[in-house]
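Below is the structure:
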């Protein structure tokens, strides 16, 4: 029996992503989000699925209406498919049903690799939504909109996504950078 020399292969993947700074991202006079989507696909009508930390919704009750109005105003560019609310904090990473809810919405809304999932929340929500986006279709584009000081400076700008399972923190995870990160300082005004 003859032994063949193994063929060694390697590959490198370079990622680039932009970190944006703004205030009142979904104000109708703020073109940043629309331009970000348009820069990706100038033909427009890009499907976008939003996943929002329920704690952020409580502190910013006007947010869902602002997102809806913004997407309606710029509907030729941004096609709002659905807005999902998930619990914030580490509990969202402990409950796999949150991932399933996002995956179901990705499937039901025809979100594909040319669509976007937008995560709005603290670090745990950013991690969990990033994990769901990374495993759907082997990676759906993710835009992170962190809403805490820590997430704006740490988890949102990193490339790690994870959930907790078997009682172990970050047991399931991926390394997948976001398409973009948007730090909106207005979200910091409601922190205690």
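In my numbering, the protein residues as written are 61 to 252. Quick reminder that beta carbons are idealized off the backbone N, C-alpha and C, glycines included.
CB contact flag (residue i, residue j, <9 Å)
i, j, result
"residue 261", "residue 112", "Residue 261 lies beyond the residue range present for the chain, which begins at 61 and ends at 252; the question has no answer from this structure."
"residue 243", "residue 79", "yes"
"residue 116", "residue 249", "no"
"residue 205", "residue 171", "no"
"residue 181", "residue 148", "yes"
"residue 136", "residue 105", "yes"
"residue 153", "residue 213", "no"
"residue 245", "residue 83", "yes"
"residue 203", "residue 177", "yes"
"residue 114", "residue 145", "yes"
Residue i versus the options, residue with shortest Cα-Cα distance
i, options, result
"residue 252", "89, 101, 119", "119"
"residue 179", "237, 227, 170, 154", "237"
"residue 227", "151, 200, 210", "151"
"residue 173", "161, 188, 196", "196"
"residue 223", "187, 217, 213, 200", "187"
"residue 219", "225, 201, 209", "201"
"residue 126", "158, 90, 62, 157", "90"
"residue 261", "106, 217, 156, 158", "Residue 261 lies beyond the range of the chain shown here (61 to 252); nothing can be said about it."
"residue 103", "109, 63, 175, 214", "175"
"residue 110", "67, 155, 156, 161", "161"
"residue 132", "107, 145, 63", "107"
"residue 88", "128, 209, 212, 154", "128"
"residue 134", "145, 156, 100, 95", "95"
"residue 232", "155, 203, 213", "155"
"residue 210", "62, 247, 66, 145", "247"
"residue 239", "65, 62, 100", "100"
Whole-angstrom C-beta distance between residue j and residue i, which should lie under 8 Å
i, j, result
"residue 93", "residue 130", "7 Å"
Under 8 Å, with one C-beta from each stretch per pair, do the segment 135-151 and the segment 66-77 reach the 3-pair mark? At 8 Å Cβ cutoff, the stretches do not touch.
So, does the segment 185-204 touch the segment 152-169, judging by three or more C-beta pairs under 8 Å? Contact between the segment 185-204 and the segment 152-169 is present, because at least three Cβ pairs lie under 8 Å.
So within the segment 104-141, which uninterrupted beta strand (DSSP E) runs reach at least 3 residues, ignoring any that extend past its ends? Listed in chain order, the complete beta strand (DSSP E) runs (minimum 3 residues) inside the segment 104-141 are 106-113.
What beta strand (DSSP E) runs, 3 residues minimum, are completely inside the segment 156-197? Residue ranges of uninterrupted beta strand (DSSP E) with 3 or more members, entirely inside the segment 156-197 and ordered along the chain, are 176-181.
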